[in-house]
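Chemist: Residue numbers (this note's numbering), protein chains in the order written: chain A, 7 to 191; chain B, 7 to 191. For every residue, glycine included, the Cβ atom is placed at its ideal position computed from N, Cα and C.
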DNA sequence: GTCTATAAGAAGATAGAC
DNA sequence: GTCTATCTTCTTATAGAC
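Written out as structure tokens, the structure is:
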């Protein structure tokens with residue numbers, strides 16, 4: 007009787023991927039069941055509702071973002087930390103052009119469904135913004151909060167535009183400009 | 007036998023508003039019918055499918071964006087034109103915080119549905135980008151295309167983050183920073 | 001052109017055998 | 001714990017009277 011079973015993990019992984027590719031509303035339980043190789047009726051043994059799957063996926067993305075931020079935090083210099091953070095999308099240019107940012111797409115979709123997942127999804131944004139604010143603070147910049155907003159807005163917009171144009175090179179171009187912006191501050 | 011009837015206009019207006027507030031997938035034909043005061047069965051006299059309604063709404067947004075760009079183009083100085091463009095979201099801070107940008111939300115959602123509306127929605131982004139590129143060109147900046155991408159990305163990200171945090175003041179803050187960026191170029 | 005009633009097909013959720 | 005069959009509801013779309 008495993009509390010965290012193999013099947014449960016597979017369901018979450020499939021849900022996470024399908025929600026990224028097609029959005030939450032477009033992703034059906036049948037899709038998730040098929041993709042993870044779990045029969046549809048069995049999904050309800052692990053999750054009472056579709057919404058509880060979404061909640062788990064959002065939590066996984068928060069966790070994943072926190073891992074990234076921890077990884078970036080190994081640099082002693084706060085500007086270096088930000089540069090490491092900004093570089094991350096370079097590894098995912100194709101994926102971003104095809105499906106957008108896992109944070110931004112979720113945020114835009116969840117905020118507009120009537121669901122009770124709003125709080126959960128805005129925490130994902132908050133966590134990210136707060137970390138950036140801390141780095142600008144450590145750099146002793148004035149108005150670090152506003153700088154963090156500008157940084158995250160640029161990165162989010164970068165993903166949205168790259169996706170709209172289906173052009174991975176948008177990511178590389180804007181990451182380069184954002185690096186320069188950070189270094190010039 | 008009016009080719010463009012009152013009811014047709016009302017349907018489009020309702021669809022446009024509801025799609026902005028709740029997204030395309032979440033908006034049902036029954037919603038649109040109720041909001042516009044047209045009986046459900048009668049919707050199909052004006053639009054053969056739900057998708058054709060979406061297509062019409064996208065076209066209306068393209069038209070609306072072109073009107074905005076024309077209005078901004080009255081300024082003789084290209085930098086002034088861009089500043090007028092960047093100022094526009096200030097009139098809609100509350101709306102952006104509540105529902106996001108009509109361009110960005112549409113783009114992210116449509117691109118991820120399997121629908122055949124992708125081309126239509128990316129034209130909306132292209133039109134906007136091209137106009138900005140022209141202004142930077144007129145300012146004789148190097149790499150005007152890349153500057154246009156950075157500008158639009160910042161504005162799109164601004165709307166997404168303002169929506170995620172449900173905070174209209176994000177718009178004012180980032181518009182101010184973007185104005186400074188343009189003036190300092 | 002307008003509108004009611006309803007068909008046809010998804011999609012979320014449950015029952016109950018194993 | 002697992003899985004098939006099915007219920008219910010919602011949604012797009014159509015039929016056909018007026």
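Have a look at B:69, B:35 and B:114 and flag the residue whose alpha-carbon is nearest the alpha-carbon of residue 168 (chain A).
Modeler: Within the first chain, the letter at position 162 stands for residue 168 (chain A). The candidate whose alpha carbon is nearest that of residue 168 (chain A) is B:114.
Chemist: List the endpoints of the continuous alpha helix (DSSP H) containing residue 56 (chain B).
Modeler: By one-based count along the second chain, residue 56 (chain B) stands at place 50. First-last of the alpha helix (DSSP H) with residue 56 (chain B): 56-78.
Chemist: What does a CB cutoff of less than 7 Å around residue 110 (chain A) pick up in its chain, not counting 5 residues either side in sequence?
Modeler: Position 104 of the first chain, counted from the first residue, corresponds to residue 110 (chain A). Closer than 7 Å at the Cβ level, and outside the excluded window around residue 110 (chain A), lie 162, 165 and 166.
Chemist: Can you find the residues in the same chain that come closer than 7 Å, C-beta to C-beta, to residue 84 (chain B), ignoring five residues on each side of it along the sequence?
Modeler: One-based indexing of the second chain puts residue 84 (chain B) at position 78. Taken in chain order, the residues that qualify are 141, 144 and 145.
Chemist: Just how far apart, CA to CA, sit residue 108 (chain B) and residue 28 (chain B)?
Modeler: As a position in the second chain, residue 108 (chain B) is number 102, starting the count at 1. As a position in the second chain, residue 28 (chain B) is number 22, starting the count at 1. Approximately 11 Å, taken between the alpha carbons.
Chemist: What are the residues in the region 135-151 of chain B lying within 7 Å of chain A by C-beta distance?
Modeler: Residues passing the 7 Å Cβ filter: none.
Chemist: Near residue 151 (chain A), which residues of its chain fall below 6 Å by C-beta distance, leaving aside the five closest residues on each side in sequence?
Modeler: Translated into positions along the first chain, residue 151 (chain A) becomes position 145. 139, listed in sequence order.
Chemist: What does the Cβ neighbour count give for residue 30 (chain A), buried or exposed, with the cut at 16 atoms within 10 Å?
Modeler: Here residue 30 (chain A) corresponds to residue number 24 of the first chain, with the count starting at 1. The residue in question, residue 30 (chain A), is buried, as its Cβ has 16 or more Cβ neighbours within 10 Å.
Chemist: Under 6 Å from any heavy atom of the ligand FAD, does the C-beta of residue 129 (chain A) make it?
Modeler: With respect to small molecules bound, the structure shown includes none, and the ligand FAD cannot be examined in it.
Chemist: So is residue 170 (chain A) in contact with chain B if we call contact Cβ pairs under 7 Å?
Modeler: Position 164 of the first chain, counted from the start, is the residue given in the question as residue 170 (chain A). Interface residue, yes.
Chemist: Just verifying my parser: in three-state terms, what is the DSSP assignment at residue 37 (chain B)?
Modeler: Taking the second chain and counting its residues from 1, the one referred to as residue 37 (chain B) is at position 31. Helix.
Chemist: Can you list, in chain order, the residues of its chain with a C-beta nearer than 8 Å to that of residue 71 (chain A)? Leave out the 5 residues immediately preceding and following it.
Modeler: Translated into positions along the first chain, residue 71 (chain A) becomes position 65. Answer for residue 71 (chain A): 109, 130, 133 and 134, listed in chain order.
Chemist: Residue ranges of each alpha helix (DSSP H) run of no fewer than 4 residues wholly in the region 71-133 of chain B, ordered along the chain?
Modeler: For the region 71-133 of chain B, whole alpha helix (DSSP H) runs of length 4 or above, ordered along the chain, are 84-93, 99-105 and 108-118.
Chemist: Indicate whether residue 26 (chain A) and residue 56 (chain A) have their beta-carbon atoms separated by less than 7 Å.
Modeler: Taking the first chain and counting its residues from 1, the one referred to as residue 26 (chain A) is at position 20. Taking the first chain and counting its residues from 1, the one referred to as residue 56 (chain A) is at position 50. Not in contact: residue 26 (chain A) and residue 56 (chain A) (Cβ atoms no closer than 7 Å).
Chemist: Roughly how many angstroms separate the alpha carbons of residue 17 (chain B) and residue 39 (chain B), rounded to a whole number?
Modeler: The residue labelled residue 17 (chain B) in the question sits at position 11 within the second chain. The residue labelled residue 39 (chain B) in the question sits at position 33 within the second chain. About 7 Å.
Chemist: Using a C-beta to C-beta distance shorter than 7 Å, which residues of chain A count as neighbours of residue 159 (chain B)?
Modeler: Taking the first residue of the second chain as 1, we reach residue 159 (chain B) at position 153. Simply 160, 163, 164, 167 and 180.
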